[in-house]
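Peer 1: Just passing along the structure, written as structure tokens.
Protein chains: 2
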Amino acid sequence: METITIKDIARALNLSTSTVSRALRNSYEINAETKKLVMEYAEKMHYRPNPIALSLRDSKSKSIGVIIPEIANNFFSQLINGIESIAYSLGYHTVIFQSHESYEREVANTNYLVSRKVDGLLVSLSSLTTDLVHFEELIEKGMPIVFFDRVPNDIETHKVVVDNFLGSYEATEHLIQSGRRRIAHLTSPIYLSIATERLAGYKKALEDNGIAFDESYVKYCHHGGKLTTENEAAMQELLSMPEPPDAILAASDRLTSGCLSVLHKNHIRIPEEIALVGFTNIGVADLLNPPLTAVVQPAMEMGQQAVELLIRLIENPKKISKFETRSFKTSLMVRESSAGSRS
Amino acid sequence: METITIKDIARALNLSTSTVSRALRNSYEINAETKKLVMEYAEKMHYRPNPIALSLRDSKSKSIGVIIPEIANNFFSQLINGIESIAYSLGYHTVIFQSHESYEREVANTNYLVSRKVDGLLVSLSSLTTDLVHFEELIEKGMPIVFFDRVPNDIETHKVVVDNFLGSYEATEHLIQSGRRRIAHLTSPIYLSIATERLAGYKKALEDNGIAFDESYVKYCHHGGKLTTENEAAMQELLSMPEPPDAILAASDRLTSGCLSVLHKNHIRIPEEIALVGFTNIGVADLLNPPLTAVVQPAMEMGQQAVELLIRLIENPKKISKFETRSFKTSLMVRESSAGSRS
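Below, the structure is given as structure tokens:
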């Protein structure tokens with residue numbers, strides 16, 4: 001299966017084996033053009049590095065730890081596939097851990113990964129993490145860490161995010177334009193970066209369209225919708241208001257499907273009685289009843305860029321003059337759950 | 001947060017600290033009643049072992065490697081949550097790897113996990129794995145391995161499975177009883193244990209109901225539905241048959257949602273023109289259009305029992321006289337996608 005070697009690539013492209021080897025490791029010593037040439041040829045010929053051999057040779061573990069809140073979430077599982085596709089092609093193993101939205105488990109995962117000598121970490125914070133000392137200490141000690149999606153404001157490193165403000169703004173404006181006025185927002189704890197940004201986009205869209213912001217239409221789920229009961233309680237509060245919402249903007253995968261489920265159980269017609277838009281990367285959005293309007297994040301690409309930034313930190317630790325925050329745009333996929341105007 | 005110690009538990013229950021410690025490690029030296037007492041009290045008091053400290057003390061890594069085909073699959077992500085819930089409470093870390101249905105990556109993951117000194121492995125085979133030498137060698141060297149879901153017939157160790165034959169039999173019989181006669185079966189490669197068993201259950205139900213088995217109604221997807229194109233091609237073949245099926249039994253999460261998607265695209269009425277039943281643990285089955293009849297597997301419980309068996313192998317390596325295969329029953333959740341008789 002793995003018949004092609006670095007030597008074969010070097011011979012074919014008329015380069016030295018050390019150039020090919022460094023190009024494949026994405027080394028900063030090799031120029032972009034040569035890297036592209038080598039990588040494309042390697043891809044074409046199905047070249048695969050041997051991670052164990054690499055690991056023995058340069059005394060690194062050639063592995064990357066990934067800590068996410070949960071894998072049973074379409075956004076995160078797609079993101080991990082993005083991470084793995086690049087990591088694997090560069091000869092790194094990807095070790096996946098779940099924090100289950102628990103600060104304690106996030107800390108335990110971090111300690112474990114460090115004790116097992118991963119070369120770097122990719123992290124999306126748990127919804128219950130407010131203290132960041134476990135990451136700050138590691139960064140001080142020189143451990144490369146890149147944050148994605150749920151990122152800390154106070155730690156300086158590479159970050160990969162989406163423009164949550166804009167995604168939320170566009171979704172809210174879409175609901176307003178389709179005639180909704182009492183738009184509720186179902187979201188995660190406010191100390192998460194993504195929750196703050198999505199709330200801000202929602203508020204700005206209301207303001208720009210002359211609708212007063214009403215705090216009672218915003219519900220925070222402290223476990224990010226992980227607990228069904230929490231989700232249902234928030235929805236029941238909204239539904240039993242004197243003036244219940246005529247639309248809901250849900251801020252995560254789980255919150256969106258939880259919300260849809262509660263609306264079904266209560267026999268509420270979507271979108272006639274309540275329209276629904278959710279931040280979700282669920283693969284079956286168009287197969288739901290009704291087809292769901294979704295704010296979709298480019299999860300695969302985010303994962304690819306996050307790991308690329310991390311591997312750059314790992315392999316060229318002294319070349320970082322300035323950290324980047326890469327921001328991606330979300331896409332609003334309008335479907336029946338928010339289409340048409342209010343009846 | 002972690003204020004309660006083993007000493008506190010020992011004092012409260014009037015046991016020695018070493019008994020409590022061994023009970024919490026699920027040691028065979030402690031009887032079941034005492035274990036239950038200790039574990040329940042520990043649970044009640046939110047006792048949490050410190051995996052790093054445990055690891056230093058007994059020179060084991062206190063970690064378990066899990067290799068699954070993919071995490072973007074409801075069955076596997078629920079199963080992993082089952083594994084983690086037990087592993088964490090017994091002081092083990094869970095390290096998750098995806099094979100992406102690739103034999104090569106399954107081997108690479110296995111080698112990596114062994115090189116990082118995990119204490120044992122939990123494995124569900126990739127759809128492209130036919131050669132098992134990488135696992136056989138490890139078992140010979142004494143590495144504890146428990147297989148689940150997609151298990152090898154030829155390796156002797158603990159296994160956790162569902163009764164795929166019965167699950168498939170019941171689903172097929174349900175379709176026959178609702179008036180369908182041309183029932184197609186969309187499945188994974190036949191050398192996977194689950195595919196063989198599901199095919200056998202399907203065939204037996206046809207036979208018991210006097211319907212001749214027709215090989216042209218069975219379609220194999222070699223990547224288990226991971227490639228959309230593969231899935232679509234199989235469906236198109238079925239739809240363009242002179243006598244297209246009036247029902248489909250899909251054998252996995254991805255095959256089921258892929259099939260539903262193709263039926264939607266072709267504007268085929270479900271269940272009137274074609275009824276659909278799928279092996280799937282998707283959380284939104286009842287929110288789909290139409291609500292989907294599903295063969296559901298007790299994924300969480302399977303994960304819990306698999307890790308329990310594995311930890312027993314790890315901690316009491318000499319006490320195994322005979323390996324077990326634990327088999328769970330599936331549940332058929334009948335919903336609109338297969339309800340009512342043919343129009």
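Chains as they are written, first to last, in the UniProt record's numbering: chain A, 1 to 343; chain B, 1 to 343.
Using N, Cα and C, we set each Cβ at its ideal position, and we do this for glycine too.
Look at the alpha carbon of S55 of chain B and the alpha carbon of S321 of chain B, and state the distance between them as a whole number of angstroms.
Peer 2: At S55 of chain B the pLDDT is 42, less than 50, meaning the model places this residue with poor confidence; the figure from the coordinates comes in the next sentence. Each residue's alpha carbon lies about 27 Å from the other.
Peer 1: So with CB distances below 9 Å, who are the chain A contacts of Q98 of chain B?
Peer 2: Under the 9 Å cutoff, chain A gives I80, N81, E84, T94, I96.
Peer 1: When the Cβ atoms of the segment 284-291 of chain B are set against those of the segment 279-291 of chain A, are three or more pairs found closer than 8 Å?
Peer 2: Cβ pair count under 8 Å is three or more, so yes.
Peer 1: Taking 8 Å as the threshold (beta carbon to beta carbon), is A72 of chain B in contact with chain A?
Peer 2: Yes, A72 of chain B counts as interfacial toward chain A.
Peer 1: Is the Cβ of H134 of chain A closer than 8 Å to any Cβ of chain B?
Peer 2: False, the Cβ-Cβ gap to chain B never drops below 8 Å.
Peer 1: Flag Y112 of chain A as yes if its beta-carbon sits less than 8 Å from any beta-carbon of chain B, otherwise no.
Peer 2: Cβ-Cβ to chain B under 8 Å: yes for Y112 of chain A.
Peer 1: Give the interface partners of G283 of chain A over in chain D, defined as CB-CB distance under 7 Å, in chain order.
Peer 2: Among the protein chains in the structure shown, which are A and B, there is no chain D.
Peer 1: Listed from N- to C-terminal order along the chain, which residues in the segment 231-245 of chain B have their beta-carbon within a distance smaller than 9 Å of any beta-carbon of chain A?
Peer 2: Listed by position, the residues of the segment 231-245 of chain B near chain A (Cβ gap below 9 Å) amount to none.
Peer 1: Would R116 of chain A pass as an interface residue toward chain B - the criterion being a Cβ-Cβ separation below 8 Å?
Peer 2: Chain B contact via Cβ: present.
Peer 1: On the three-pair Cβ rule with 8 Å, is the segment 253-260 of chain B touching the segment 222-238 of chain B?
Peer 2: Yes, since at least three Cβ pairs between the segment 253-260 of chain B and the segment 222-238 of chain B fall closer than 8 Å, the two stretches touch.
Peer 1: Consider the Cβ of L188 of chain A: report whether some Cβ of chain B lies at a distance smaller than 8 Å.
Peer 2: Correcting the residue identity first, residue 188 of chain A is Ser in this sequence and not Leu. For S188 of chain A, the answer is no, since every Cβ of chain B falls outside 8 Å of its Cβ.
Peer 1: Determine the direct distance from the alpha carbon of L79 of chain A to that of K159 of chain B, and round the result to whole angstroms.
Peer 2: The alpha-carbon atoms of K159 of chain B and L79 of chain A are separated by roughly 31 Å.
Peer 1: With a threshold of 6 Å on Cβ separation, who are the neighbours of D58 of chain B within its own chain once the five nearest residues in sequence on each side are excluded?
Peer 2: Low confidence applies to D58 of chain B: its pLDDT is 49, below 50, so where it sits in the model is not reliable, and the reading given next is rough at best. No residues qualify anywhere along the chain.
Peer 1: Using alpha carbons as the reference points, say which of B:L309, B:E315, B:Q297 lies closest to S331 of chain B.
Peer 2: S331 of chain B has its Cα closest to that of B:Q297, out of B:L309, B:E315, B:Q297.
Peer 1: Using the DSSP secondary-structure output, state which residues sit across from R326 of chain B in a beta bridge.
Peer 2: In DSSP, R326 of chain B forms a bridge with B:V160.
Peer 1: Distance check for M300 of chain A and S85 of chain B, CA to CA, integer angstroms please.
Peer 2: Cα to Cα, the separation comes out at about 28 Å.
Peer 1: What span of residues does the beta strand (DSSP E) with Y47 of chain A cover, start to end?
Peer 2: Unbroken run through Y47 of chain A: none, as it is neither H nor E.
Peer 1: Interface residues of chain B around L332 of chain A at Cβ under 8 Å?
Peer 2: Here the premise fails: no neighbours, minimum Cβ distance about 20 Å.
Peer 1: Going by beta-carbon coordinates alone, are V66 of chain A and T94 of chain A separated by less than 8 Å?
Peer 2: Taking 8 Å as the Cβ cut-off, V66 of chain A and T94 of chain A qualify as a contacting pair.
Peer 1: For L121 of chain B, which residues does DSSP report across the bridge?
Peer 2: For L121 of chain B, which the question treats as bridged, DSSP gives the partners B:G65, B:I145.
Peer 1: With a threshold of 8 Å, are at least 3 pairs of Cβ atoms found where one atom belongs to the segment 268-276 of chain A and the other to the segment 302-321 of chain A?
Peer 2: No: the two stretches stay apart, fewer than three of their Cβ pairs being nearer than 8 Å.
Peer 1: Grab the span of the alpha helix (DSSP H) containing T5 of chain A for me, first residue to last.
Peer 2: Looking at the DSSP string, T5 of chain A is not in any alpha helix (DSSP H), and its letter there is neither H nor E.
Peer 1: Less than 8 Å separating the beta-carbons of Y220 of chain A and S188 of chain A?
Peer 2: Against a cut-off of 8 Å, the Cβ pair of S188 of chain A and Y220 of chain A comes out as a contact.
Peer 1: Assuming I64 of chain B and L122 of chain B make a contact with CB atoms under 8 Å, what is their CB distance in whole Å?
Peer 2: That pair is a contact at about 6 Å.
Peer 1: Any beta carbon of chain B sitting closer than 8 Å to that of N266 of chain A?
Peer 2: By this cut-off, N266 of chain A is not an interface position.
Peer 1: Measuring straight from C-alpha to C-alpha, what distance separates A12 of chain A and T130 of chain B?
Peer 2: When rounded, the distance between both Cα atoms is 33 Å.
Peer 1: Where does Q297 of chain B sit, in a helix, a strand or coil, going by DSSP?
Peer 2: The answer is coil: DSSP assigns Q297 of chain B none of H, G, I, E or B.
Peer 1: Beta-carbon of L90 of chain A versus every beta-carbon of chain B: anything under 8 Å?
Peer 2: Judged by the 8 Å Cβ criterion, L90 of chain A is not in contact with chain B.
Peer 1: Quick one: grab the DSSP three-state call for M39 of chain B.
Peer 2: Note: M39 of chain B maps to helix in three-state DSSP.
Peer 1: Measuring only between beta-carbons, confirm whether S261 of chain B sits less than 8 Å from chain A.
Peer 2: Yes, its Cβ sits closer than 8 Å to a Cβ of chain A.
Peer 1: Run through chain B and tell me which residues come within less than 9 Å of S77 of chain A, C-beta to C-beta.
Peer 2: Under the 9 Å cutoff, chain B gives E70, I71, A72, N73, S77.
Peer 1: Can you pull the chain B residues whose beta carbon is under 8 Å from the beta carbon of L287 of chain A, in chain order?
Peer 2: Those are S257, L260, S261, H264, L288, N289, listed as they occur along chain B.
Peer 1: Restricting to Cα atoms, I'd like to know which of A:K329, A:R326, A:L313, A:A294 is closest to A339 of chain A.
Peer 2: Measuring from the Cα of A339 of chain A, the nearest candidate turns out to be A:A294.
Peer 1: What residue range is occupied by the uninterrupted alpha helix (DSSP H) comprising Y202 of chain A?
Peer 2: 193-208 is the extent of the alpha helix (DSSP H) around Y202 of chain A.
Peer 1: Cβ of H223 of chain B within 7 Å of any heavy atom in the ligand ZN?
Peer 2: Of the ligands one can find in the structure shown there are none, so the ligand ZN has no counterpart to examine.
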